[in-house]
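Enquirer: Pasting a structure below so you can have a look.
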Amino acid sequence: MATRVVVAGSANMDLVGLAPSLPRPGETVLGDDFVMTPGGKGSNQAIAAALAGAETAFLGAIGSDAFGVTLNARLAAAGVAVDLVRTSYGSSGVAVIMVDRAGENSILVSPGANRTFVDLTADETAAIAAADVLLCQQEIPMGTVLAALRAGRAGGTRTILNAAPARVLPPGLLDEVDLLVVNETEARAITGRAEPDIAALLALVPRVVLTLSGNGSRYADRDGADVHVPAFKVEVTDTTAAGDAFTGALAVAWGEGRDLIDAIRWANAAGAACVRRVGASNALPARGDIEEIFRTRESS
Numbered sequence: 001m002a003t004r005v006v007v008a009g010s011a012n013m014d015l016v017g018l019a020p021s022l023p024r025p026g027e028t029v030l031g032d033d034f035v036m037t038p039g040g041k042g043s044n045q046a047i048a049a050a051l052a053g054a055e056t057a058f059l060g061a062i063g064s065d066a067f068g069v070t071l072n073a074r075l076a077a078a079g080v081a082v083d084l085v086r087t088s089y090g091s092s093g094v095a096v097i098m099v100d101r102a103g104e105n106s107i108l109v110s111p112g113a114n115r116t117f118v119d120l121t122a123d124e125t126a127a128i129a130a131a132d133v134l135l136c137q138q139e140i141p142m143g144t145v146l147a148a149l150r151a152g153r154a155g156g157t158r159t160i161l162n163a164a165p166a167r168v169l170p171p172g173l174l175d176e177v178d179l180l181v182v183n184e185t186e187a188r189a190i191t192g193r194a195e196p197d198i199a200a201l202l203a204l205v206p207r208v209v210l211t212l213s214g215n216g217s218r219y220a221d222r223d224g225a226d227v228h229v230p231a232f233k234v235e236v237t238d239t240t241a242a243g244d245a246f247t248g249a250l251a252v253a254w255g256e257g258r259d260l261i262d263a264i265r266w267a268n269a270a271g272a273a274c275v276r277r278v279g280a281s282n283a284l285p286a287r288g289d290i291e292e293i294f295r296t297r298e299s300s
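The sequence shown begins at 1 in UniProt numbering and counts up by one.
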């Protein structure tokens, strides 16, 4: 039986512009190309988990506009269960993304319907409790994130928080987290320290994965582990959804019972497979793509 992953999070339509360089304030840059694709950290991570082999359900809200129809269809086409997805009258979430030729990006998110994802229903709570892993991010109301994590903890579900984007956390939220996934910016925001402080994070959660972009990841826990897990060497085209590919794959691997160090290495392979393509959900790798890199590529 496939591991069961529930993702509670955001769904956005991504409007992606490709250009030689990212514009500075007040500057207009002539672009190379434009792509419109379903995205949002929650939706992306749900699709990533489904493509990586999990039985995946998405909890969130889409708008009543044409973007909402497309977002729902994209999730379903990837094999994500969408029977509990809410439809809110009005606009769906939208992300405006600019990507330069080096693969770096700049993103502006308008939440839209994601703001309406509040007050979990009994069916949503039951879905979380029945899962092996619950995965949350921070593009939806933080009260909903807290409620979902509490439902996971009460149901015996492993809980993962990808604390992105960096936001003020409600009191008690990190008490419900089994595994925290953060980049260096998010780690600094949580601890208030000038540099990422693993010890300070472990005072708040039992396990931490610190993502280091092209340098791989660092894993630490309260049992004394502190391990650097190298990245895989690939040609980078677009880093937009790499973090979501990593986190979705990590949830699957951990749910399958892999040792966390091995699960992180597998998730690194997912991130590497993602950066070879332009886009968000359309760039997320299938399990075979992850395995190809995991088995045959060198890490750096």
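Cβ atoms here follow ideal geometry from the backbone N, Cα and C, with glycine treated the same way. Here the structure is a predicted model, which is why all the values come from computation and not from measurement.
#1: Can you list the alpha helix (DSSP H) stretches of 4 or more residues lying completely in the segment 16-97, in chain order?
#2: Do alanine 113 and isoleucine 62 have their CB atoms nearer than 7 angstroms?
#3: Alanine 95: which of Ala46, Thr240, Ala283 sits nearest, CA to CA?
#4: Can you tell which of Gly60, Leu75, Ala2 has the C-alpha that lies nearest to the C-alpha of residue 303?
#5: Check the DSSP bridge columns for serine 217 and list the partner residues they point to.
#6: At the level of alpha carbons, what is the spacing between serine 92 and arginine 167?
#7: Note down, in chain order, each residue of its chain lying with its Cβ closer than 6 angstroms to the Cβ of alanine 283, except the 5 sequence neighbours on either side.
#8: Mapping DSSP to helix, strand and coil, what is alanine 158?
#9: Taking just the CA atoms, how far does threonine 87 sit from valine 118?
#10: If I measure Cβ to Cβ from asparagine 268 and keep anything under 8 angstroms in the same chain, skipping five residues before and after, which residues do I get?
#11: Quick check on this structure: which residue in Val227, Ala280, Asn44, Asp289 has the alpha carbon closest to the alpha carbon of isoleucine 264?
#12: Can you tell me where the beta strand (DSSP E) with arginine 4 in it begins and where it stops?
#13: Could you give the DSSP three-state label for leucine 180: helix, strand or coil?
#14: How many Å lie between aspartate 262 and valine 234 at the Cα?
#15: Is it buried or exposed, arginine 207, if we count other Cβ atoms within 10 angstroms and call 16 or more buried?
#16: Which residue from Ala154, Ala220, Ala48, Ala122 puts its Cα closest to that of leucine 84?
#17: Please determine, among Arg101, Phe58, Gly68, the residue with the shortest C-alpha to C-alpha distance to alanine 78.
#18: Just verifying my parser: in three-state terms, what is the DSSP assignment at aspartate 14?
#19: Give the straight-line distance between the Cα atoms of residue 328 and proline 20, rounded to the nearest whole angstrom.
#20: With DSSP collapsed to three states, give me the class of leucine 250.
#21: Hey, could you find the ends of the beta strand (DSSP E) leucine 134 is sitting in?
#22: Note down the Cα distance separating glycine 42 from glycine 60, rounded to an integer number of angstroms.
#23: Compute the beta-carbon to beta-carbon distance between alanine 54 and glycine 255, rounded to the nearest angstrom, for a pair I have assumed lies under 8 angstroms.
#24: Measure the alpha-carbon distance for alanine 11 versus alanine 194 and round it to whole angstroms.
#25: Could you tell me which residues DSSP puts in a beta bridge with asparagine 268?
#26: Where do the N-terminal and C-terminal ends of the beta strand (DSSP E) with isoleucine 198 fall, by residue?
#27: With distance defined between alpha-carbon atoms, name the residue in Gln45, Ala270, Ile97 nearest to cysteine 136.
#28: Would the beta-carbon of glycine 17 fall within 7 angstroms of that of threonine 237?
#29: What residues are listed by DSSP as bridge partners for valine 109?
#30: For the alpha helix (DSSP H) holding arginine 115, just list the boundary residues, first then last.
Expert: Concretely, from the data shown:
#1: 41-51, 66-77
#2: A contact, by the Cβ cut-off of 7 angstroms.
#3: Checked all of Ala46, Thr240, Ala283; the closest Cα to alanine 95 is Thr240.
#4: Beyond the ends of the chain as shown, which are 1 and 300, falls residue 303; an answer cannot be given.
#5: Thr211, Val229
#6: 21 angstroms
#7: Ala241, Cys274, Arg277
#8: It is arginine, not alanine, that sits at residue 158 in the sequence shown. Arginine 158: strand per DSSP, three-state reduction.
#9: Cα-Cα distance, rounded: 12 angstroms.
#10: Gly216, Ser217, Val229, Pro230, Ala231, Phe232, Phe246, Ser299
#11: Val227
#12: 4-8
#13: strand
#14: 19 angstroms
#15: When all chains shown are included, arginine 207 counts as buried.
#16: Ala122
#17: Taking the Cα of alanine 78 as reference, the smallest distance to any Cα among Arg101, Phe58, Gly68 is reached at Phe58.
#18: The answer is strand: DSSP assigns aspartate 14 an E or B state.
#19: It is not possible to answer for residue 328, since the shown part of the chain is limited to 1 through 300.
#20: helix
#21: 133-136
#22: 8 angstroms
#23: 6 angstroms
#24: Alanine 194 has its alpha-carbon roughly 32 angstroms from the corresponding atom of alanine 11.
#25: Paired residues: none, contrary to the question.
#26: From DSSP, isoleucine 198 is part of no beta strand (DSSP E) but of the alpha helix (DSSP H) over 198-202.
#27: Gln45
#28: no
#29: Ala95.
#30: Premise fails: arginine 115 is in no alpha helix (DSSP H) and is neither H nor E.
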